[in-house]
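Data block below; observations after.
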Amino acid sequence: MKELKEIEVKLEATPDKQISLTDPDARSMKTRGTGIVGYNVQTAVDAKHHLIVAHEVTNVGLDRDQLSSMAKQARTEMGVEEITAIADRGYFKGEEILACREAGITAIVPKTMTSGAKAEGRFDKADFIYDASTDEFQCPAGQRLIWRFSGIEKGMTMSRYWSSHCPRCAIKEKCTPSDYRRVSRWEHQSVLDDMQARLDHAPDSMRIRRQTVEHPFGTIKLWMGSAHFLTKTLDRVSTEMGLHVLAYNLKRVMKILGNDALIAAMRA
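Straight run, no breaks: the sequence shown in our numbering ends on number 304.
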């Protein structure tokens, strides 16, 4: 019990309230809901040849803060001015998508579906149509939700809208159990709207993502076997992953160019 009390004190002193007694750098991975203690490997893969153009090993358990960083690394490594970054919904975060936009990177990420109202059979936020010319929303009953105030929520400037007609609405039970249905809008929501429009016009984007990024992961995991990483601490695991990526890319280039062409290119 004394030992556990000492560990509890150390645990409370850590920023993320986590301690791994096996590997001091390993953390609980929340990706895909596994909770497994380990590392989060990020890769950027080109869609044409399936080469890993950039990778990074982190001990951050979520993907949503990684989009702009990996996209910028990929653009630098590929030596191009324009790049389209396609990621799954685990990377959806407004600030990251805005950072891509500001860096000149085209991002395509599907929105996370977390609407409690829709799950309970009520109108979703998507059912409220925004009119940029008047800065108002129109609800399913045809009423106008006007701007009421703006404030900071989780570091983001959000505006709040609602209609005075809510208490008298004939379909209120399909909308909200509260007196008024309030709708929020981020100050940079247009960036997310533009991205959703790109996704709507490119419905095969997620199929391309699966065929591109899952290919290298599946191959490398097969090589690793059930144990996956054999080393400990972030530095050593990063080195181990770097060797896997190097081996994977070499084998891919051998397949694409052939051994003789690869050797000639290396000598040149």
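The beta-carbon is built from N, C-alpha and C at its ideal position, and this holds for glycine as well.
| query | result |
| --- | --- |
| Which residues mark the beginning and the end of the beta strand (DSSP E) in which TYR127 is found? | Note, TYR127: premise wrong, no beta strand (DSSP E); not H, not E. |
| Between the segment 143–150 and the segment 256–267, do three or more beta carbon pairs fall short of 8 Å? | no |
| With a threshold of 8 Å between beta carbons, is ASP59 in contact with chain B? | Here there is only one protein chain, and chain B is not present. |
| Let me confirm a value: LEU134 is counted as buried when at least 16 other C-beta atoms fall within 10 Å, else exposed. Which label applies? | buried |
| Buried or exposed, going by whether 16 or more other CB atoms sit within 10 Å of the CB of THR79? | buried |
| Could you tell me if LYS46 is buried or exposed, where buried requires 16 or more neighbouring beta carbons within 10 angstroms of its beta carbon? | exposed |
| Runs of 4 residues minimum, wholly inside the segment 205–262: which ones carry the alpha helix (DSSP H) assignment? | 225–237, 241–260 |
| Roughly how many angstroms separate the alpha carbons of GLN174 and GLU113, rounded to a whole number? | 45 Å |
| Using 8 Å as the threshold, is the C-beta distance between TRP198 and ARG221 below it? | no |
| Leaving out the 5 sequence neighbours to the left and right, which residues in its chain are closer than 7 Å to VAL273 when beta-carbon positions are compared? | TYR75, VAL93, PHE265, THR267 |
| Consult DSSP for ALA135 and reduce its assignment to one of helix, strand or coil. | helix |
| How big is the Cα-Cα spacing for GLY152 and ASP163? | 14 Å |
| Report the option in LYS108, LEU279, GLU223, ASP124 whose CA atom is closest to the CA atom of GLU117. | LYS108 |
| Terminal residues of the continuous alpha helix (DSSP H) containing GLN109? | 103–114 |
| Cutting at 6 Å between CB atoms, please list the residues of its own chain near HIS201, excluding the five before and the five after it. | GLN179 |
| Which stretch, first to last residue, makes up the beta strand (DSSP E) that contains ILE88? | 88–94 |
| Would you list the residues sitting across from VAL325 in a DSSP beta bridge? | The first residue shown for the chain is 37 and the last is 304, placing residue 325 beyond what the model contains. |
| Report buried or exposed for GLY115, applying the criterion of at least 16 other Cβ atoms within 10 angstroms of its Cβ. | exposed |
| My output table needs one value for THR275: the three-state DSSP class, helix, strand or coil. | helix |
| Once DSSP output is grouped into helix, strand and coil, what is the label at ASP296? | helix |
| Mark ALA301 as exposed unless 16 or more other C-beta atoms lie within 10 angstroms of its C-beta, in which case mark it buried. | exposed |
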